[in-house]
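Participant: Below is the structure I would like to discuss, written out as structure tokens.
Numbering (this note's numbering), first residue to last: -17 to 99.
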């Protein structure tokens, strides 16, 4: 019984591709983004890592939406909405980093004392 359950897990498909491939790719992208966010001290790299994590979440959303209901485009429309909000968030984040760079002449996260208590 367990072998049949495992086999059915790998047979889940999104269109013609197995769902597991999309989920694995999303997990890898999210892990790379998390690693970049935790390890990097550069503010621009941290913002890029956050965007990479958000794109991994979008990939998950679209894959599951396509798997659950392949006819309707609700998942894709929601993902486009999230990407629009992410673009605005990136613009605001880069504007904040640019303003801090003008004041401190660095984008090193360890030197940002402006937002600390």
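For each residue, glycine too, the CB sits at the ideal point set by N, CA and C.
With residue 61 and residue 40 assumed to form a contact (beta carbons below 8 Å), what rounded beta-carbon distance in angstroms separates them?
Facilitator: About 5 Å; that satisfies the 8 Å criterion.
Participant: Going by Cα to Cα distance, which pick from 44, 46, 10, 50 is closest to residue 31?
Facilitator: 10
Participant: Whole angstroms is fine: what's the gap from residue 15's alpha carbon to residue 33's?
Facilitator: 8 Å
Participant: Less than 8 Å between the C-beta atoms of residue 45 and residue 80, yes or no?
Facilitator: no
Participant: Which partner residues of residue 90 appear in the DSSP bridge assignment?
Facilitator: 24
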